[in-house]
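J.: Before I ask anything, let me first share the structure, which is written out below as structure tokens.
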Amino acid sequence: MAEPDLYSILNVTKNASASEIKKAYYKLAKEFHPDKNPEAGDKFKEISFAYEVLSNPEKKDIYDRHGLQGLKDGLGGGGSSSDLFEELFGGLFGGGGHGPFGRGFGFGGPRKPQRGEDMVHPLRVSLEDLYNGKTAKLQLSKKLICPKCQGQGGKAGAMQSCRTCGGRGIKVTMRQLGPGMVQQMQSVCPECRGEGEVINEKDRCKGCKGKKVIPESKILEVHVDKGMRDGQKIPFRGEGDQMPGVEPGDVIIILQQKENDVFQRRGNDLFMTHTIGITEALCGFQFMLKHLDGRELVVTSEPGKVIEPGSVKCIMEEGMPTYRNPFQKGNLHVKFDITFPPNKFADEKQLKQLEALLPARVDVKLPTGENVMEVDLMDYEPNQHGSHDRREAYDEDDDEDHMGAGPRVQCAHQ
């Protein structure tokens, strides 16, 4: 159902002046007053409410900017205007009003019941858990509707709507900042402490002490299926906190994967690094690999296949199982690091024997002449003195020569 237009109720335009609004109200009130027209009681209430809003600059400004919903939120502090709003338009917002606009209908049809917030809990799992699947038990605390009072908080009819906040649990105050500028401030109602209802101490339920709900500890069995991923959500529908008149939210479990010492996961593929020696890289090898499900894989590289440093080999269908299709798996990628022997690992005779087995060296013709200089390779250490330090020394000498000589001039490249 469309939202009623207060201007149309008074038969005035949105740009009508205060005098025109007042004149239109008197004309309609005279025509539909219950003393003159007993069957027009609802119509008279509409007219009175529309005039009360449009004749008040603050309320009119809220209505023009936010409509009836904004007006409803802005009418704090209870009072006749708030009561009249609930009587006329409560049904429009699901408040159960009996006004002429019907009951229990919102802006597009029947109003859905209010839904509680979801409860989110993390669950730490290993890569082995995601590979093999597991069932974990998770204990959580939630609110349950009190079975003694059935969520009423006490005796039937003892719970009363809070007069301070009009049953909303929030106290709204309006502050005029300037012409056409209104600040709306909200705070938890001090009378009902945000509950929206109050009950005498003597009438409160002994089970929940008037809170309508009691704490409950519950254990959920969380089924982690094969192939699930880090960050994946597992919902438990309707297992959230219970509140009277509110549909419980969900409990959502979010998987958090712990790091693995051997494998890293990317999608359904697994990646690992394995270190071998130069003899293995040149002559072939075998090594044992313990997989995530406990199997021992014998990985073989045939003799004659040279493994280069940093090369990656693939073991087909030994990656992660696919979620909801665990018999289909990704691949396992192995990156190889090569360990070379230490310097001067063999004498001259052994070097010649090794050189005879390896491919021939590249024949380099060395130049001759005065401009040829033979140099040696040295091990590099980051903290050793080198060209960088000498450059700094040159800079220091240069600075000393130019002290007091003004700014330094750099040569431009041609």
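Be aware that the sequence shown starts at 331, since it is given in our numbering, and climbs by one per residue. All C-beta atoms, glycine included, are put in the ideal place defined by N, C-alpha and C.
Measuring alpha carbon to alpha carbon, tell me which of L358, S456, G371, E382 ends up nearest V592.
T.: Residue mapping note: residue 592 aligns to position 262 of the sequence shown, counting from 1. Cα-wise, what sits closest to V592 is S456.
J.: Along the alpha helix (DSSP H) that carries N462, what are the first and last residues, could you check?
T.: For the purposes of this step, residue 462 is taken as the residue at position 132 of the sequence shown. From DSSP, the alpha helix (DSSP H) with N462 extends over 457-462.
J.: Compare the Cα-Cα distances from P528 to each of I549, G537, R493, G649 and report the closest residue.
T.: Along the sequence shown, read from residue 1 onward, the residue named residue 528 stands at position 198. Reading off the sequence shown, one finds Val at residue 528, where the question assumed Pro. Residue R493 is the option with its Cα nearest to V528.
J.: Under 7 Å between C-beta atoms, does D599 make it to chain B?
T.: No chain B appears in the structure shown, which is made up of a single protein chain.
J.: Using a Cβ-based criterion (distance less than 6 Å to any ligand heavy atom), does I606 qualify as near the ligand HEM?
T.: Of the ligands one can find in the structure shown there are none, so the ligand HEM has no counterpart to examine.
J.: Tell me the rounded alpha-carbon separation between G429 and N341.
T.: Translated into positions along the sequence shown, residue 429 becomes position 99. Translated into positions along the sequence shown, residue 341 becomes position 11. Legend: pLDDT at G429 = 46, less than 50; position of this residue unreliable, value from coordinates given subsequently. Each residue's Cα considered, the two are about 20 Å apart.
J.: Would G579 pass as a contact of D448 if the rule is Cβ separation under 7 Å?
T.: For this step, residue 579 is matched to residue 249 along the sequence shown. For this step, residue 448 is matched to residue 118 along the sequence shown. Pairing G579 with D448 gives a Cβ-Cβ distance under 7 Å.
J.: Distance, Cα to Cα, M515 vs I392?
T.: Your numbering for residue 515 matches position 185 in the sequence shown. Your numbering for residue 392 matches position 62 in the sequence shown. In a straight line, the C-alpha of M515 is about 13 Å away from that of I392.
J.: With distances taken from CA atoms, which of D623, T609, E525, E546 is nearest E474?
T.: The residue labelled residue 474 in the question sits at position 144 within the sequence shown. One point to set straight first is that residue 474 is Leu, not Glu, in the sequence displayed. It is E546 whose Cα lies nearest to the Cα of L474.
J.: Please tell me whether I549 and Q616 are closer than 7 Å, where the distance is taken between their beta carbons.
T.: Reading the sequence shown from its first residue, position 219 is the one you call residue 549. Reading the sequence shown from its first residue, position 286 is the one you call residue 616. Going by C-beta atoms, I549 is not nearer than 7 Å to Q616.
J.: Would you mind listing the beta strand (DSSP E) stretches within the segment 597-667 that are 3+ residues and don't spill past its ends, in chain order?
T.: Within the segment 597-667, the runs of beta strand (DSSP E) that reach at least 3 residues and sit entirely inside it are, in chain order, 599-607, 615-620, 626-631, 642-645, 655-659.
J.: Near F566, which residues of its chain fall below 8 Å by C-beta distance, leaving aside the five closest residues on each side in sequence?
T.: The sequence position of residue 566 within the sequence shown is 236, counting from 1. The residues are L550, D580, V581, I582, I583.
J.: So is C495 buried or exposed if we call it buried at 16+ other beta carbons inside 10 Å?
T.: For the purposes of this step, residue 495 is taken as residue 165 along the sequence shown, with counting starting at 1. The residue is buried, with at least 16 neighbouring Cβ atoms inside 10 Å.
J.: Does H553 pass the burial test, meaning 16 or more other C-beta atoms within 10 Å, or should it be called exposed?
T.: Taking the sequence shown and counting its residues from 1, one reaches residue 553 at position 223. It counts as exposed.
J.: Give the DSSP-derived three-state secondary structure of I351 in the structure shown.
T.: Position 21 of the sequence shown, counted from the start, is the residue given in the question as residue 351. Three-state DSSP puts I351 in a helix.
J.: Does the count of Cβ pairs from the segment 654-661 and the segment 625-639 closer than 8 Å reach three?
T.: no
J.: Taking the beta strand (DSSP E) that F379 belongs to, which residues open and close that run?
T.: In the sequence shown, counting from the first residue as 1, residue 379 sits at position 49. For F379, no beta strand (DSSP E) encloses it; the enclosing alpha helix (DSSP H) starts and ends at 371-384.
J.: Enumerate in chain order the residues of its own chain whose CB-to-CB distance from G597 is below 7 Å, with the five nearest sequence positions on each side excluded.
T.: In the sequence shown, counting from the first residue as 1, residue 597 sits at position 267. By the criterion of a C-beta distance shorter than 7 Å, G597 is surrounded in its chain by G660, once the five residues flanking it on both sides are discounted.
J.: Output needed for Q444: all residues of its chain with C-beta closer than 6 Å, excluding positions within five of it in sequence on either side, in chain order.
T.: Locating residue 444 in the sequence shown gives position 114, where the first residue counts as 1. Once the five neighbours on either side are set aside, the close Cβ partners of Q444 are V576.
J.: Roughly how many whole angstroms lie between the Cα atoms of N713 and G640?
T.: Along the sequence shown, read from residue 1 onward, the residue named residue 713 stands at position 383. Along the sequence shown, read from residue 1 onward, the residue named residue 640 stands at position 310. Whole-angstrom Cα-Cα distance: 28 Å.
J.: Around the C-beta of L687, are 16 or more other C-beta atoms found within 10 angstroms, so that it is buried, or is it exposed?
T.: If you number the sequence shown from 1, residue 687 lands on position 357. It is exposed - the Cβ of L687 has fewer than 16 other Cβ atoms within 10 Å.
J.: Quick one, are the C-beta atoms of G446 and M573 less than 7 Å apart?
T.: Within the sequence shown, the letter at position 116 stands for residue 446. Within the sequence shown, the letter at position 243 stands for residue 573. In contact: G446 and M573 (Cβ atoms closer than 7 Å).
J.: Have a look at Q594, L460, L696 and flag the residue whose alpha-carbon is nearest the alpha-carbon of T652.
T.: Along the sequence shown, one-based indexing puts residue 652 at 322. Looking at the Cα atoms, L460 is the closest of the given residues.
J.: When you compare each of M602, P477, R505, M558 to G540 by their alpha carbons, which one comes out closest?
T.: Locating residue 540 in the sequence shown gives position 210, where the first residue counts as 1. Across the set M602, P477, R505, M558, the C-alpha of P477 shows the shortest separation from the C-alpha of G540.
J.: Who pairs with K563 in a beta bridge, going by DSSP?
T.: In the sequence shown, residue 563 corresponds to position 233, counting from 1. Answer by DSSP bridge pairing, in chain order: I584.
J.: If I follow the unbroken beta strand (DSSP E) through L548, where does it start and stop?
T.: Residue 548 sits at position 218 when you count from the first residue of the sequence shown. According to the sequence provided, residue 548 is Lys. The question's Leu does not apply to it. Element bounds for K548: 543-554.
J.: Measure the C-alpha to C-alpha separation of K390 and A466 and round it to an integer number of angstroms.
T.: Locating residue 390 in the sequence shown gives position 60, where the first residue counts as 1. Locating residue 466 in the sequence shown gives position 136, where the first residue counts as 1. Distance between the alpha carbons of K390 and A466 is about 57 Å.
J.: Does DSSP classify P452 as helix, strand or coil?
T.: Reading the sequence shown from its first residue, position 122 is the one you call residue 452. Here P452 sits in strand by DSSP.
J.: When we look at the beta-carbon of Q482 and count the other beta-carbons within 10 Å, is it buried (16 or more) or exposed?
T.: Position 152 of the sequence shown, counting from 1, holds the residue named residue 482. Buried, by the Cβ-count rule.
J.: Name, in chain order, the residues that DSSP records as bridge partners for G526.
T.: In the sequence shown, the residue the question calls residue 526 occupies position 196. For G526, DSSP assigns no beta-bridge partner whatsoever.
J.: Roughly how many whole angstroms lie between the Cα atoms of G426 and G499?
T.: Counting from 1 along the sequence shown, the entry for residue 426 is found at position 96. Counting from 1 along the sequence shown, the entry for residue 499 is found at position 169. The predicted model places G426 with a pLDDT of 44, which falls under 50 and marks its position as unreliable, so this point remains unresolved.
J.: With 16 as the cutoff for other CB atoms within 10 Å, does P440 come out buried or exposed?
T.: Indexing the sequence shown from 1 puts residue 440 at position 110. With a pLDDT of only 45 at P440, under the threshold of 50, the placement of this residue in the model should not be trusted, and no figure is reported.
J.: How would you label S378, buried or exposed, when you count the other beta carbons within 10 angstroms and need 16 or more for buried?
T.: By one-based count along the sequence shown, residue 378 stands at place 48. By the 16-neighbour rule on beta-carbons within 10 angstroms, S378 is buried.
J.: CB N462 to CB D677, shorter than 7 Å?
T.: Reading the sequence shown from its first residue, position 132 is the one you call residue 462. Reading the sequence shown from its first residue, position 347 is the one you call residue 677. Against a cut-off of 7 Å, the Cβ pair of D677 and N462 comes out as no contact.
J.: Is it the case that the Cβ atoms of K542 and S517 are separated by a distance below 7 Å?
T.: Mapped onto the sequence shown, residue 542 falls at position 212. Mapped onto the sequence shown, residue 517 falls at position 187. It is not a contact, given that the beta carbons lie outside the stated cut-off.
J.: Could you check the C-alpha separation between A380 and S491 for me, to the nearest Å?
T.: On the sequence shown, position 50 is the one that residue 380 refers to. On the sequence shown, position 161 is the one that residue 491 refers to. Computed Cα separation, rounded: 25 Å.
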